[in-house]
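In the working numbering, the protein residues as written are -11 to 200. Encoded as C-alpha cells, the structure appears first; notes follow it.
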C-alpha cells in the first residue's frame, strides 16, 4: 500500500511537471521565429554604412530608445516605406535626441549591395544610418524575416515592439503608427499597448544555411 502511495505521488509530480512545461511561454514571438518581446538583442560591430564609415552598436550607447529597421532597395514594400522611415527619423532622431533610428540591409543581391545602397541614400536624402549586414548575422540575431521589419528597443536593449511600422502598407490608409506609439511608451518608461504585429513585406534573401 505504501509503495502504491509513493508511486501515485511520483506520478502526480510528473504530471504537474508536464503541465508546467506545456504552459511555459514560447521562446519565440507570435510572428517572430526566434525572438520574443522582452528579449535583449545583441549589438553589431563594423557594419559598413552608406556614408563610407563603419558603424557599431556603441554609437547608440547614450540613446534611451533604438529603432532598428531591416529594409532594402529591392523590395517594393521597403521602397514604399522609405519616405515614412525618413519622416520617422526626422521627427524622433537627431544628434541631441534620446532616440536613434538605424536601417539595416541584410540582402546580398547586386541591387542591395553597398554601392546601390549609397546611390539610394543619396537620391532619397536618408536622415538615418543605412548599414549593410552582408554576413546576415544581425538580421539572424533579431529573428527578422521580412523587409521592412521594425524593432523598438528600450534603454536595456530589450524588445518593446516588433513588426510593422504601422497598420497599412498604403500610406494614405494608415490609422495607427505602431513604432511611434512604442517610442512614446519607451520614453515614458512603459510598455506600448501593441507589442507585436506581423511584418508585411518581402522575405529577406537569406542564404541557404537558413531554411525559411
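Glycine residues also receive a C-beta, built at the ideal position from the N, C-alpha and C atoms.
With DSSP as the reference, label residue 86 as helix, strand or coil.
-> coil
Note the first and the last residue of the continuous beta strand (DSSP E) segment covering residue 139.
-> 137 to 141
Which word fits residue 43, buried or exposed, when buried means at least 16 other C-beta atoms lie within 10 angstroms of its C-beta?
-> By the neighbour-count criterion, in which 16 or more other beta carbons inside 10 Å mark a residue as buried, residue 43 falls on the buried side.
Residue 65: first and last residue of the uninterrupted beta strand (DSSP E) it sits in = Unbroken run through residue 65 is the alpha helix (DSSP H), 64 to 68; no beta strand (DSSP E).
Let me know if residue 41 comes out buried or exposed under the rule of 16 or more other beta-carbons within 10 Å of its beta-carbon.
-> exposed
Looking at the unbroken alpha helix (DSSP H) that takes in residue 105, where does it start and where does it end?
-> 102 to 112
Should residue 142 be labelled buried (16 or more other beta-carbon atoms within 10 Å of its own) or exposed?
-> buried
Residue 41, DSSP secondary structure in three states | coil
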